[in-house]
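Since the structure comes first, as structure tokens, the remarks are kept for the end.
Protein chains in written order, with the working numbering: chain A, 1 to 112; chain B, 113 to 226.
See below:
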């Protein structure tokens, strides 16, 4: 089947720390991979995406690389800010399907 | 305009009430979605409309009834809900029939069933 597994949170960091949120997936065919972010009280926003193996998605200092050999799409940022505090969802769209499948979400709290 | 607008933002309804959630986008997207998100959980797909036709129903109870009157509007009609249906209901749209393109989400309607 198709599924996404994320590291459990919450993740608590100090400002300017390095961030990694792990994400692995199981999918049929060739999925596209996404990271969405949800700020408190809001809907989801696309943070970055990658549609094929070895692609790197990047946005606002965040990066993730589509690793087919390890079925992973880990999110990284070199220096987090308080404003990055949110819930981060890894997600996939299975090849040939019209639905986003989300991981459980990882809550990030960044302190000054 | 890259917004998906949902109304109302908050809704409290009794178990015998009938209410509707509304969603609107003006990005020319031809696929629209309803998701349900319980507290501290990921969104779960409920329905997909593609070119104003229902293409996916994820075995949602009939007390939830979607409607797509035109390519810009998506409604979710609610009737005889249960307290466990309390959740954040998110609408989304995307450019094509597949979500490999970016999906835009609304801010959601926070529904409480009493």
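Every residue, glycine too, gets a C-beta built ideally from N, C-alpha and C. Quick caveat: nothing in here was measured; it's all calculated off a predicted structure.
For residue 42 of chain A, the chain B residues whose Cβ falls inside 9 Å of its Cβ are 217, 219 and 220, in order along the chain. Secondary structure note for residue 93 of chain A: its beta strand (DSSP E) is the uninterrupted segment 86 to 93. Between residue 92 of chain A and residue 214 of chain B, the CB-CB gap reaches or exceeds 7 Å. One Cα belongs to residue 16 of chain A, the other to residue 66 of chain A, and the distance between them is close to 25 Å. A residue is called buried once 16 or more other Cβ atoms fall within 10 Å of its Cβ, and residue 54 of chain A, having fewer, is exposed. Distance from the CA of residue 155 of chain B to the CA of residue 13 of chain A, rounded to the nearest whole angstrom, comes to 25 Å. With respect to residue 115 of chain B, residue 185 of chain B sits apart: the two C-beta atoms are not nearer than 7 Å. For residue 142 of chain B, the closest C-alpha among the options B/198, B/126, B/134 and B/166 is that of B/166.
Our two residues, residue 4 of chain A and residue 25 of chain A, have alpha carbons roughly 4 Å apart in a direct line.
Neighbours of residue 167 of chain B in chain A, taken as residues whose beta carbon is under 8 Å from its own, are 98 in chain order. Using a CB distance cut-off of 7 Å, residue 46 of chain A counts as an interface residue toward chain B. With respect to chain B, the C-beta atom of residue 18 of chain A has no partner C-beta closer than 7 Å. The beta carbons of residue 75 of chain A and residue 62 of chain A sit about 6 Å from each other, so the pair counts as a contact at 8 Å. Taking 7 Å as the cut-off between beta carbons, the residues of the segment 79 to 112 of chain A near chain B are 89, 93, 98, 99, 100, 102, 103, 104 and 105, in sequence order. Nearest Cα to residue 195 of chain B within the set B/162, B/222, B/183 and B/169: B/222. When 9 Å is used as the limit between beta carbons, residue 143 of chain B is near these residues of chain A: 98, in chain order.
Contact of residue 193 of chain B with chain A by beta-carbon distance below 8 Å is absent, the smallest such distance being about 21 Å.
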